[in-house]
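Beneath this line is the structure, given in structure tokens, with notes to follow.
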Amino acid sequence: MTTILSANNETLADSVDCLHDGGLVAFPTETVYGLGADARDDKAVARIFAAKDRPSFNPLIVHVANQAAAEGLGAFDARARNVVERFWPGPLSIVLPRLPTSGLSLLVSAGLETVALRAPAHPIARDLLYRFDGPIAAPSANRAGEVSPTQAVHVANSLGDRADLILDGGDCRVGLESTVLDLSGNRPEILRHGAVTRAQLVELLDTVEDASIPTNEGAPRSPGQISRHYATAIPIRINVTDPSSDEAFVAFGETNNESSATVLNLSPSGDLIEAASRLFTILRTLDRAEFAGIAVAPVPNSGIGCAINDRLRRAAAAHAD
Ligand code: TXA
Ligand code: MG
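For the sequence shown, our numbering gives the first residue as 2, with consecutive numbering after it.
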């Protein structure tokens with residue numbers, strides 16, 4: 002099990018080194034503990050999903066030191082500035098269009114054109130963010146299906162040795178995940194309720210829709226829904242071993258396929274974490290009208306492979322009648 006460290010000069014410096022090396026650092030925020038990685042590093046972000054055993058790719062919140070850092074990642078408008086000036090640092094995440102120059106891993110947004118940003122208030126989180134001087138992607142530091150951790154020992158019990166470092170910050174003051182406010186469209190929408198309330202947001206924004214309510218089919222209106230995901234313009238076929246010559250081919254592991262026009266390999270060595278880290282970039286690279294479609298080789302359905310296959314099935318289904 003990963004040792005729990007009290008935060009001091011030395012352990013914070015080690016945490017920054019660990020993040021630069023593509024490692025995972027669990028750290029306290031005022032809401033819940035987060036499992037952090039360099040948000041610009043595809044492979045590090047893929048390791049977060051692997052550590053959590055998530056069966057699908059959810060977009061992650063990108064943590065920043067302050068508004069200035071956030072303005073380099075998302076497209077701020079007057080509404081966003083208004084809200085952030087009032088509630089940051091604090092338990093509020095805002096969803097904005099991702100700037101093309103953000104440098105963020107595409108995996109952070111799980112294929113969406115938007116990014117969720119938050120400047121946490123916890124002194125240890127702030128210290129870490131200022132020292133690292135870059136964006137930290139961090140979902141709650143627990144395995145999928147478990148409640149969010151509000152003490153360092155919860156993180157250790159849930160993740161075992163999957164975090165490289167765990168910084169101890171005592172009990173989380175809020176104990177509930179941040180409010181998620183979507184400002185990427187014309188109408189502000191609450192995607193998740195938290196300590197910053199709808200009433201507080203209405204004071205600043207006039208109208209705020211509640212989009213956190215499950216639909217009558219019982220399915221939550223989550224960003225995991227196909228319609229809100231990036232879908233390729235050209236068709237996708239999955240579990241393909243014999244691509245046609247007019248298709249681009251996405252290989253996995255060793256391959257000797259030479260029949261298709263273009264072959265990109267998710268991971269020549271068959272490493273699923275590497276495959277996850279390349280998935281969205283490869284799909285975007287191959288999504289060109291010169292190809293009849295994209296054919297994807299079978300990807301093993303274990304570990305993070307489940308999330309890769311979930312994403313590929315959604316992309317393929319987007320073209321099915
Ligand atoms: O309090 C918190 O927000 C904690 C601490 C660590 O900051 N983090 C957290 O992250 O709860 P996570 O990954 O467990 O939850 C992220 C939430 C999910 O509901 C996700 O769907 C939503 O934020 N989200 C992230 N990016 C989004 C985007 N681009 N569009 C819509 N929703 C997004
Ligand atoms: Mg969570």
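Glycine included, C-beta positions come from ideal geometry on N, C-alpha and C.
Note to self: What residue range does the alpha helix (DSSP H) around E72 cover?
What the structure shows: 68-72
Notebook entry, point to check: Does at least one heavy atom of the ligand TXA sit under 8 Å from the Cβ of I191?
Noted result: no
Notebook entry, point to check: What residues match up with D39 in a beta bridge as DSSP calls it?
Noted result: Beta-bridge pairing links D39 to I137.
Check: Where does I167 fall in DSSP's three states?
Finding: Strand.
Notebook entry, point to check: Across which residues does DSSP place L265 in a beta bridge pair?
Noted result: According to DSSP, L265 bridges with V251.
Check: Between which two residues does the alpha helix (DSSP H) containing A14 stretch?
Finding: Element bounds for A14: 10-21.
Notebook entry, point to check: Within 8 Å: the Cβ of E178 and any heavy atom of the ligand MG?
Noted result: For the ligand MG, at least one heavy atom lies less than 8 Å from the Cβ of E178.
Next item on the list: Could you tell me if the beta carbon of S185 falls within a distance shorter than 8 Å of some heavy atom in the ligand TXA?
Entry: yes
Check: Quick one: what does DSSP say A126 is sitting in, helix, strand or coil?
Finding: helix
Margin query: Assuming contact is defined by CB atoms lying nearer than 9 Å, are R163 and A52 in contact in what I supplied?
Written below: yes
Note to self: Against chain B, does R80 count as a neighbour if the rule is that its beta carbon must be under 9 Å from one of theirs?
What the structure shows: Absent from the structure is chain B; it holds one protein chain and no more.
Item checked: A318 versus S270: straight-line alpha-carbon distance, rounded -> 28 Å
Checklist line | Alpha carbon of A111 to alpha carbon of F58, nearest angstrom | finding: Straight-line Cα distance between these residues: approximately 6 Å.
Check: Start and end of the beta strand (DSSP E) containing G282?
Finding: Reading the sequence as shown, one finds Thr at residue 282 and not Gly. Membership of T282 in any beta strand (DSSP E) is not indicated; the residue belongs instead to the alpha helix (DSSP H) covering 273-287.
Next item on the list: Within the same chain, show all residues whose beta-carbon is closer than 6 Å to that of R188, passing over the 5 residues directly before and after it, in chain order.
Entry: E210
Check: Does the count of Cβ pairs from the segment 188-207 and the segment 38-48 closer than 8 Å reach three?
Finding: no
Next item on the list: Note down the Cα distance separating V33 from R119, rounded to an integer number of angstroms.
Entry: 13 Å
Notebook entry, point to check: Quick one: what's P98 bridged to in DSSP?
Noted result: T115
Notebook entry, point to check: Considering only residues of the same chain and omitting the five flanking positions on each side of D247, which have a CB-CB separation below 6 Å?
Noted result: A293
Next item on the list: Find out if the Cβ-Cβ distance for the pair V300, L273 is shorter than 9 Å.
Entry: yes
Margin query: Alpha carbons only, please: which of N310, S179, T4 is nearest the one belonging to F88?
Written below: S179
Next item on the list: Using 10 angstroms around the beta-carbon of T31, count the other beta-carbons present and answer buried if the total reaches 16, otherwise exposed.
Entry: Note that residue 31 corresponds to Glu in the displayed sequence, not to Thr. With a threshold of 16 other beta carbon atoms within 10 Å, E31 meets it and is buried.
Check: Just checking my contact of F50 with A277 at CB under 8 Å: how many whole Å lie between their CB atoms?
Finding: Yes, they are in contact, since the Cβ atoms of F50 and A277 sit about 6 Å apart, within 8 Å.
Item checked: Delimiting residues of the alpha helix (DSSP H) encompassing I309 -> Where I309 is concerned, the enclosing alpha helix (DSSP H) stretches over 306-318.
Notebook entry, point to check: Do A8 and L168 have their C-beta atoms within less than 9 Å of each other?
Noted result: yes
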